[in-house]
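> Going down the list, the protein sequences come from chains V and P.
Counting from 826, one number per residue, gives the positions in the first sequence under our numbering.
Counting from 35, one number per residue, gives the positions in the second sequence under our numbering.
Quick one: this structure, given as structure tokens, is what I'll be asking you about.
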Amino acid sequence: VSWAKLANVFELFSLTKWLFAGPHNHHSVFYLLEIFNNQLLYQWEGASALVLSLLRLKHIYPKLSSLEVPQAPSEDSPHWRPDAEWLQSWKDQLQLEPFKVVIDHIDPKIQACIEANPSATEDDLVSVVKKCALVGLLRPLPISVRAIEPSNDLEMFLAAYSWVSYRQTLVYAKHNQSSFAGTTPKLFEFTSQPAPIGRA
Amino acid sequence: MFLDRDVNDSDTELWCELFSRPSSYDEVITALSIEELRTLCADRPANLRGLVHKSILQLELLADKPELRSSELCRFTENAVKWLTRVLPFMLEPSVAHNFHEFWWEGMAPRLVSYVLRLLFCPSFSVPSSAPDLSSDSAKDLLWGSAVSLGSSCHWRVRTNLVKLLLCCLSQELQEDVQAFTDHENWWRVLICNKGLPGSSVLSLSIISVLSIFDQSSRSWLPYTDSWSSSDLEDLILVSLQYLNCCLINIPRESSSARPSCLQDVGPNLYTATLQGLSDLTVLAGALHSNFKRVTDSANTYLPGSMRIAIFTEELLVFSFRCLQIRPDLASVLSADGKALDITAALMYIVMTYKENLNHFGLLQQALLIVQAFSTDREFSIALNTPFVKTFSIDIPVFSGTYADLLFLSYSSLMQGMPLHLYSLQPTLLVTLSNV
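Set out below in structure tokens:
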């Protein structure tokens, strides 16, 4: 179920409408391909469901490998227009090779299985995938782990979130009046006043 | 009485009445309204300085003269703490702060902070009279356990009020705009987190370990027992966590040359250093785990609503993330025996429960950052292969699988039906999945 769901997300983020709607939207596809590739390359044993999900989305491969800048700008982002240079800066770096190998080498076997037995179940297809091996067909890709880098934005978020909850405690928890009632915080804006979770 | 005339230190009758009369914080608030406080700050700052000075003397008397400790002196001191809590946020307002700048930074601020810290474990006041001396460095071992919960409700309330006063001191930055906040160092934080204060390392440890003694599992054997109201101990933990979170705020600054003389030669942040120096993380890990597990347990009771999550759950989120930032090895400790999995399940429950609510964006962001911090740990990725047995209601498709499936399904569902206000969370979600 998980791979099928994540494949749906991949399908969504591979739509040109999404990809060309913002200067960073293509990052989603990079991350998703990285997730899929890690599984295909390094955890093949548990990858059968992923392989089947990817094969259901094989129509995406040609689209992703031949992306072109749309003629008409997207209506969703009037302030930003994708250009060929921008597209070129990332297009060739998409790691689509494992996806292609899966389509080239496993899809024919799956098709053969379905032709031989039109009522083949999901389990039958999984066992076909399990018999396949991609050893030697895939070039190893680096595994990267992205730690959270300290940054001013992160600190600002943590600071504001810490203080918001403090102010609420005094205002909402027990006293109707707080030490801060009447003062005007400027560090952040209250657009609304959510009740902290756990506090009635 | 403060508004229409200048008061002086020797007016014994006035001060005696001031410290003896109020019986609750509400009375203090009523006695000095917001308008009166503003007028005092602007027109009669000397009277406010006098009030603060007298209140600090009250704290000193209790801390320095054990032989004088009586219930009356304790009551006077409690009231002094309440007065200070009342006036401080207004004295720190940018429009009038200049009236008090010299007053604080030529001696009064260090005096206030050091006496508040000393009073946090003061026998007969904030701990029972029979309590061992916890302000000495030799008491370190006592503080990772039952000694933290020394006393009863009345002691916890006193300690809660003392920590709230420290929070008021830190709150100066709350009244600054973002630019001033990032440009100016908060001197109160530098002072409060100064490792050089006597007994400070023990006190910092006690505040961190206060979380560990809130063992909810032992309190929850009867349904509804904790539904009626929050306990005084829970309140103490709440303000302690808020205090810790505010102490751990760390905006990098290039220079700190403009500090007043009392803040020269201060070392690294006391609380960061204490967390860095913990040799055994299992107590902290256990405390985080039991309090997070409460989130999913409360969603899975045979009597709906018979158990509630702790009031400090949001503060716990920030604090847990801070701990993981300062001690990345905490993720391995939590993953080693599956605690990180229970915490992840609780975080997924929180995320999926509050995803629709724009007001809870911060909550979601914080929960997801914790999972991302976990995801950088190899042990965690391996532990995710543990089978997951669903015991609570969560808005994802029914599945049988592992904790990895729980994570993937929750994140996929978040990304698929993502409300606009959550778009900025996408990188966090995808990076986490790619890490594991």
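We put the beta carbon where it would ideally sit given N, CA and C, even for glycine.
Fair warning: this is a prediction, and the values are worked out from it, not measured in the lab.
Pull the bridge partners of residue 436 of chain P from the DSSP assignment, please.
Here residue 436 of chain P corresponds to residue number 402 of the second sequence, with the count starting at 1. Under DSSP, the beta-bridge partners assigned to residue 436 of chain P are P:421.
> Below 9 Å on C-beta distance, what does residue 354 of chain P contact in chain V?
If you number the second sequence from 1, residue 354 of chain P lands on position 320. In chain order: nothing, as chain V lies at least about 12 Å away.
> Less than 8 Å separating the beta-carbons of residue 206 of chain P and residue 837 of chain V?
Your numbering for residue 206 of chain P matches position 172 in the second sequence. Your numbering for residue 837 of chain V matches position 12 in the first sequence. In this structure, residue 206 of chain P sits away from residue 837 of chain V, with a CB-CB distance that is not shorter than 8 Å.
> Name the DSSP beta bridge partners of residue 303 of chain P, please?
In the second sequence, counting from the first residue as 1, residue 303 of chain P sits at position 269. Note: residue 303 of chain P sits in a beta bridge opposite P:228.
> Are the CB atoms of residue 364 of chain P and residue 357 of chain P within a distance shorter than 8 Å?
The residue given as residue 357 of chain P occupies position 323 in the second sequence. The residue given as residue 364 of chain P occupies position 330 in the second sequence. Yes, these two residues count as a Cβ contact at 8 Å.
> Pair every Cβ in the stretch 400–414 of chain P with every Cβ in the stretch 425–435 of chain P, then say whether three or more of these pairs are closer than 8 Å.
no
> Among the candidates V:909, V:945, V:970, V:941, whose CA atom is the shortest distance from the CA of residue 845 of chain V?
Residue mapping note: residue 845 of chain V aligns to position 20 of the first sequence, counting from 1. Nearest to residue 845 of chain V by alpha-carbon distance, out of V:909, V:945, V:970, V:941, is V:909.
> Looking at the structure shown, is residue 121 of chain P part of a helix, part of a strand, or coil, going by DSSP?
Counted from its first residue, the second sequence places residue 121 of chain P at position 87. Assignment of residue 121 of chain P by DSSP, reduced to helix, strand and coil, places it in the helix class.
> If you run the structure through DSSP and keep just helix, strand and coil, what is residue 975 of chain V?
Position 150 of the first sequence, counting from 1, holds the residue named residue 975 of chain V. Coil at residue 975 of chain V, not helix or strand.
> Given a cut-off of 8 Å on the beta-carbon distance, is the pair residue 98 of chain P and residue 190 of chain P in contact?
What you label residue 98 of chain P is simply residue 64 of the second sequence in a count that begins at 1. What you label residue 190 of chain P is simply residue 156 of the second sequence in a count that begins at 1. No; because the gap between Cβ atoms is not below 8 Å, this pair is not in contact.
> Within a Cβ cutoff of 7 Å, which residues of the same chain sit near residue 319 of chain P, ignoring the five residues on either side of it in sequence?
For the purposes of this step, residue 319 of chain P is taken as residue 285 along the second sequence, with counting starting at 1. Beyond the five residues adjoining it in sequence on each side, residue 319 of chain P comes within less than 7 Å, by CB distance, of 364, 367, 368, 373 in the same chain, given in chain order.
> My understanding is that residue 229 of chain P touches residue 304 of chain P, with C-beta atoms under 8 Å, so please give their C-beta distance in whole angstroms.
For this step, residue 229 of chain P is matched to residue 195 along the second sequence. For this step, residue 304 of chain P is matched to residue 270 along the second sequence. Rounded, the Cβ-Cβ distance is 5 Å, consistent with contact.
> If you pair each beta-carbon of the stretch 859–875 of chain V with each one of the stretch 952–972 of chain V, do three or more pairs fall below 8 Å?
yes
> Do residue 926 of chain V and residue 962 of chain V have their CB atoms nearer than 8 Å?
Sequence index remark: in the first sequence, residue 926 of chain V carries index 101 (1-based). Sequence index remark: in the first sequence, residue 962 of chain V carries index 137 (1-based). Yes, they are a contact pair.
> Looking at C-alpha atoms only, which residue of P:346, P:234, P:272, P:135 is the closest neighbour of residue 27 of chain P?
This structure cannot speak to residue 27 of chain P, because chain P is shown only from 35 to 470.
> Could you compute how far the alpha carbon of residue 252 of chain P sits from the alpha carbon of residue 332 of chain P?
Taking the first residue of the second sequence as position 1, residue 252 of chain P is located at position 218. Taking the first residue of the second sequence as position 1, residue 332 of chain P is located at position 298. In this prediction, residue 252 of chain P has a pLDDT of 47, which is less than 50 and means its spatial position is unreliable; what the coordinates show is noted afterwards. Roughly 14 Å between the two C-alpha positions.
> When you compare the CB of residue 439 of chain P with every CB in chain V, is at least one pair closer than 8 Å?
For this step, residue 439 of chain P is matched to residue 405 along the second sequence. Yes, its Cβ sits closer than 8 Å to a Cβ of chain V.
> So does the stretch 97–117 of chain P actually touch the stretch 146–157 of chain P, counting three or more Cβ pairs closer than 8 Å?
yes
> Is residue 128 of chain P helix, strand or coil by DSSP?
Taking the first residue of the second sequence as position 1, residue 128 of chain P is located at position 94. Residue 128 of chain P: coil per DSSP, three-state reduction.
> Since residue 916 of chain V is in the alpha helix (DSSP H), which residue starts that stretch and which ends it?
The residue you call residue 916 of chain V lines up with position 91 of the first sequence. That run of the alpha helix (DSSP H) goes 909–916.
> Using a Cβ-Cβ distance cut-off of 8 Å, determine whether residue 966 of chain V contacts chain P.
As a first step, residue 966 of chain V must be located in the first sequence, where it is residue number 141. Answer no: the Cβ-Cβ gap between residue 966 of chain V and chain P never drops below 8 Å.
> Keeping to the same chain, check which residues put their C-beta closer than 8 Å to that of residue 930 of chain V; ignore five residues upstream and five downstream.
Numbered from its first residue, the first sequence carries residue 930 of chain V at position 105. Excluding sequence neighbours, residue 930 of chain V sits near 957, 959, 962.
> Give the residues of chain V in contact with residue 208 of chain P, contact being defined as C-beta atoms less than 7 Å apart.
Position 174 of the second sequence holds residue 208 of chain P. Within chain V, the residues near residue 208 of chain P are 988, 1010, 1012.
> At a CB-CB cut-off below 8 Å, which residues of chain P make contact with residue 874 of chain V?
In the first sequence, the residue the question calls residue 874 of chain V occupies position 49. Ordered by position in chain P, no residue passes the 8 Å Cβ test against residue 874 of chain V, which lies about 10 Å from the chain.
> Consider the Cβ of residue 251 of chain P: report whether some Cβ of chain V lies at a distance smaller than 8 Å.
Position 217 of the second sequence, counting from 1, holds the residue named residue 251 of chain P. Here residue 251 of chain P scores only 46 on pLDDT, less than 50, and its place in the model should not be relied on; the value that follows carries that caveat. It does not: the Cβ of residue 251 of chain P has no partner Cβ on chain V nearer than 8 Å.
> Would you identify the three-state DSSP class for residue 86 of chain P, choosing helix, strand or coil?
In the second sequence, the residue the question calls residue 86 of chain P occupies position 52. DSSP, reduced to helix, strand and coil, places residue 86 of chain P within a helical segment of the structure shown.
> Anyone know if the C-beta pair for residue 476 of chain P and residue 126 of chain P falls short of 8 Å?
With chain P represented from 35 up to 470, any question about residue 476 of chain P goes unanswered, as that position is not in the structure.
> Within its chain, find whatever has a CB closer than 6 Å to the CB of residue 30 of chain P; leave out the 5 residues flanking it on each side and keep chain order.
A query on residue 30 of chain P cannot be resolved here, the shown segment of chain P reaching from 35 to 470 and no further.
> How about residue 329 of chain P and residue 343 of chain P: do their beta carbons lie closer than 8 Å?
On the second sequence, position 295 is the one that residue 329 of chain P refers to. On the second sequence, position 309 is the one that residue 343 of chain P refers to. Yes. Within cutoff.
> Measuring CA to CA, which of V:984, V:878, V:917 is closest to residue 396 of chain P?
Sequence index remark: in the second sequence, residue 396 of chain P carries index 362 (1-based). When each option's Cα is compared against that of residue 396 of chain P, the closest is V:984.
> Please go through the same chain and pick out, in chain order, the residues whose beta-carbon is closer than 7 Å to the beta-carbon of residue 215 of chain P, but skip the five residues on each side of it.
Here residue 215 of chain P corresponds to residue number 181 of the second sequence, with the count starting at 1. Correct list, in chain order: 207.
> From residue 141 of chain P to residue 296 of chain P, what does the alpha carbon distance come to, in whole angstroms?
For the purposes of this step, residue 141 of chain P is taken as the residue at position 107 of the second sequence. For the purposes of this step, residue 296 of chain P is taken as the residue at position 262 of the second sequence. Rounded to whole angstroms, residue 141 of chain P to residue 296 of chain P spans 7 Å at the Cα level.
> Does DSSP classify residue 998 of chain V as helix, strand or coil?
In the first sequence, counting from the first residue as 1, residue 998 of chain V sits at position 173. Any reading at residue 998 of chain V is ruled out, since the residue's pLDDT is 35, under 50, leaving its predicted position unreliable.
> If the criterion is Cβ atoms closer than 8 Å, does the pair residue 124 of chain P and residue 830 of chain V meet it?
Walking along the second sequence from the start, residue 124 of chain P turns up at place 90. Walking along the first sequence from the start, residue 830 of chain V turns up at place 5. Contact: no.
> If you draw a straight line from the alpha carbon of residue 84 of chain P to that of residue 149 of chain P, how long is it in whole angstroms?
The residue you call residue 84 of chain P lines up with position 50 of the second sequence. The residue you call residue 149 of chain P lines up with position 115 of the second sequence. Between residue 84 of chain P and residue 149 of chain P, the C-alpha separation is close to 17 Å.
> Out of P:129, P:219, P:131, P:355, which one is the CA nearest neighbour of residue 974 of chain V?
Locating residue 974 of chain V in the first sequence gives position 149, where the first residue counts as 1. Selected option, being the one with the closest Cα: P:355.
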